[in-house]
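Residue numbers for the sequence shown follow the working numbering, beginning at 119 and rising by one.
The C-beta atom is built at its ideal place from N, Cα and C for all residues, glycine as well.
Okay, so here's the structure we're looking at.
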Amino acid sequence: MLFLLDSHCDAPLMLAKGADFGRRVEQGFTPGRFPITHVDFQRMKKGGVNGSFFAIYTSCALTPDQATRRAFELISRVYDAVEQNPDQVAFATTPAQARRNAHNGLISIFMGMENGAPIQKDLSMLRMFRRLGITYMTLTHARSNEICDSCTSPEPRWGGLSPFGREVVEEMNRIGMMIDVSHISDDSFWDVLRYSKAPVVATHSCCRALSDHPRNMTDEMIVALAEKGGVIQVNFYPSFLDTTYAVKASALIDAQEDMQDVWLKDPSDPAVQEKMRAAVEALKAIPRPSYKRIVDHIDHVVKLVGVKHVGLGSDFDGIEVCPEGLDDISRMQKIIIELRKRGYSEYEIRHIAGGNFLRVMEQVQRLPE
Ligand SMILES: [Zn+2]
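Listed below in structure tokens is the structure:
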């Protein structure tokens, strides 16, 4: 059976803002609506999605206690949304559970934690988040933290993993939690590969050979990740898919993000609504790469390491723009169709669509004797 899996989206941010995923989330620029959203349970169903990892994301700007509190808040929102919609979705923490959910006609909601800040410097907190259902942890986000350096920190703090970061890697191996190398610096990546006994995942990253961005992985990194049995899940963010777009859009993306902060503070002000709309429209006016560019990145990984080390990690609800033709999760089948057009067999597509990621998850969760 084909299990279509998205290994990373920021949907909990929308839940925290009050979105009701049981119904189609209303889009718009007035209070109670959402300027840009990509995910809800109905759209997931329309897209034929069988499982999705909801990211428990915390910003590196938060203090440790704020980060921990925020993580609990987001986890609660995900629990609430799942419990309120038992006819559409169910929790999953293992591949076996996810397959059972699919058999029962339910979409699986997994949780990953994006940024290890909420565990502070305490491995027992890591174990607690694991018990709450977090199955992977992205070691850091946009800045270095207590665990390792980020690929977008201005200055390296540790030159890779910190001493505590090594303990985190060891403990994640021991408790069967997947290590996510998206967002971490190249030096941190090589350290993780050296110290992890289990395969690791990049839940939402693209290929640097096709688009030169520090968030993307070099061919050398992709080969080493695959040799260790891991998987890279291609991100849908146009700025990671395509360098030309990234250069053209960067100023407008910043403007849109700033405007969104203002809008969030008071969405009832008509002048702010208008400015928010204008910022979104200005960004949308720049020609975006087609969704087929996602499949170019898949092709590139396949050429390097074969079909068993690549998948999909949309980053929906965490990105301001989507590729042309793939404006939300309801369009996910277009990628499957494009893979077929490019000559991938059904067996290969099953691996790319979700089989590879579930295989790594199974392997990581098989605890060492
Ligand atoms: Zn991210």
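Problem - Residues near residue 285 by beta carbon distance below 8 Å, same chain, minus five either side - result: Within the sequence shown, the letter at position 167 stands for residue 285. Here residue 285 has 241 as same chain residues with Cβ atoms under 8 Å from its own Cβ, once five neighbours each way along the sequence are excluded.
Problem - Any non-hydrogen atom of ligand 1 within 7 Å of residue 300 CB - result: Here residue 300 refers to the residue found at position 182 of the sequence shown. It does: the Cβ of residue 300 is within 7 Å (strictly closer) of some heavy atom of ligand 1.
Exercise for the section: Taking residue 333 and residue 269 to be in contact with their CB atoms under 8 Å, please state how far apart those CB atoms are, rounded to whole angstroms. Expected result: Locating residue 333 in the sequence shown gives position 215, where the first residue counts as 1. Locating residue 269 in the sequence shown gives position 151, where the first residue counts as 1. With 8 Å as the limit, residue 333 and residue 269 qualify as a contact, their Cβ atoms being about 6 Å apart.
Handout entry: Euclidean distance between Cα positions of residue 183 and residue 233
Key = By one-based count along the sequence shown, residue 183 stands at place 65. By one-based count along the sequence shown, residue 233 stands at place 115. In a straight line, the C-alpha of residue 183 is about 14 Å away from that of residue 233.
Problem - residue 442 in three-state terms, based on DSSP - result: Position 324 of the sequence shown holds residue 442. It is a strand residue.
Practice task
List the residues that DSSP assigns as beta-bridge partners of residue 113.
Solution key: What the structure shows of the chain is the stretch from 119 to 487, and residue 113 is not part of that stretch, so it cannot be assessed.
Practice task
Return no unless some Cβ of chain C is closer than 8 Å to the Cβ of residue 302.
Solution key: Judged by its chain identifiers, the structure shown contains no chain C, having just a single protein chain.
Problem - Same chain, Cβ closer than 6 Å to residue 489, neighbours up to 5 away in sequence not counted - result: No answer is possible for residue 489: the residues shown for the chain start at 119 and end at 487.
Problem - Local Cβ density within 10 Å of residue 487, reported as buried at 16 or more and exposed below that - result: Taking the first residue of the sequence shown as 1, we reach residue 487 at position 369. Reliability of the predicted coordinates at residue 487 is poor, the pLDDT of 49 falling under 50, and no value is obtained from them.
Problem - With 16 other Cβ atoms within 10 Å as the buried cut-off, status of residue 484 - result: Against the sequence shown, residue 484 aligns to sequence position 366. Classification for residue 484: exposed.
Exercise for the section: Please confirm whether any heavy atom of ligand 3 lies closer than 7 Å to the CB of residue 232. Expected result: Questions concerning ligand 3 fall outside what the structure shown contains, since the ligands it does hold are ligand 1.
Practice task
Taking residue 286 as part of the alpha helix (DSSP H), name the residues at either end of that continuous run.
Solution key: Translated into the one-based positions of the sequence shown, residue 286 becomes position 168. Segment 281–293, the alpha helix (DSSP H) holding residue 286.
Problem - Beta-carbon proximity check, residue 230 vs residue 252, cutoff 8 Å - result: One-based indexing of the sequence shown puts residue 230 at position 112. One-based indexing of the sequence shown puts residue 252 at position 134. If you check the CB distance, residue 230 and residue 252 come in under 8 Å.
Problem - Sufficient close CB pairs (3 or more, under 8 Å) joining the region 128–137 to the region 160–176 - result: yes
Exercise for the section: Return yes when at least one heavy atom of ligand 1 lies under 7 Å from the C-beta of residue 433, else no. Expected result: Sequence index remark: in the sequence shown, residue 433 carries index 315 (1-based). Residue 433 Cβ: within cutoff of ligand 1.
Practice task
Could you tell me the boundaries of the alpha helix (DSSP H) in which residue 335 lies?
Solution key: Here residue 335 corresponds to residue number 217 of the sequence shown, with the count starting at 1. Here residue 335 belongs to no alpha helix (DSSP H), and DSSP marks it neither H nor E.
Practice task
Look at the alpha carbon of residue 264 and the alpha carbon of residue 279, and state the distance between them as a whole number of angstroms.
Solution key: To locate residue 264, count along the sequence shown from 1; it is residue 146. To locate residue 279, count along the sequence shown from 1; it is residue 161. Straight-line Cα distance between these residues: approximately 9 Å.
Problem - Cβ-Cβ separation, residue 341 to residue 413 (assumed contact under 8 Å), whole Å - result: If you number the sequence shown from 1, residue 413 lands on position 295. If you number the sequence shown from 1, residue 341 lands on position 223. Not really, about 20 Å apart at Cβ, beyond 8 Å.
Exercise for the section: For my contact list, residue 468 and residue 224 are in at a C-beta cut-off of 8 Å; report their separation, rounded to the angstrom. Expected result: Numbered from 1 along the sequence shown, position 350 holds the residue referred to as residue 468. Numbered from 1 along the sequence shown, position 106 holds the residue referred to as residue 224. Actually they do not touch by this definition, with Cβ atoms about 20 Å apart.
Handout entry: contact_flag[the region 137–149, the region 348–364] where n(CB pairs < 8 Å) is 3 or more
Key = no
Practice task
Answer yes or no: the CB of residue 488 versus the heavy atoms of ligand 1, is any distance below 7 Å?
Solution key: This structure gives no information on residue 488, because the portion of the chain shown stretches from 119 to 487.
Problem - Local Cβ density within 10 Å of residue 149, reported as buried at 16 or more and exposed below that - result: Residue numbering aside, residue 149 sits at position 31 when the sequence shown is read from its first letter. Residue 149 comes out exposed.
Practice task
Quick one: residues in its chain with C-beta nearer than 6 Å to the C-beta of residue 472, no 5 flanking neighbours on either side, listed in chain order?
Solution key: Here residue 472 refers to the residue found at position 354 when the sequence shown is read from its first residue. Cβ within range, chain order: 121, 122 and 123.
Exercise for the section: Answer yes if the region 426–433 comes into contact with the region 348–355, meaning at least three C-beta pairs across the two stretches below 8 Å, and no otherwise. Expected result: The region 348–355 and the region 426–433 touch, with no fewer than 3 CB-CB distances between them shorter than 8 Å.
Handout entry: At least 3 beta-carbon pairs within less than 8 Å: the region 315–330 vs the region 289–301
Key = yes
Practice task
Please classify residue 143: does DSSP put it in a helix, a strand, or coil?
Solution key: Walking along the sequence shown from the start, residue 143 turns up at place 25. In this structure, residue 143 counts as coil in the three-state DSSP scheme.
Handout entry: 3 or more residues per run - each beta strand (DSSP E) lying fully within the region 395–478
Key = 428–430
Handout entry: Residues of its chain near residue 321, where Cβ-Cβ distance is below 6 Å and the 5 sequence neighbours each way are ignored
Key = Residue numbering aside, residue 321 sits at position 203 when the sequence shown is read from its first letter. Once the five neighbours on either side are set aside, the close Cβ partners of residue 321 are 125, 126, 298, 300, 351 and 431.
Handout entry: Burial state of residue 273, where buried means 16 or more other Cβ atoms lie within 10 Å
Key = Translated into positions along the sequence shown, residue 273 becomes position 155. Residue 273 is exposed by the Cβ-count criterion.
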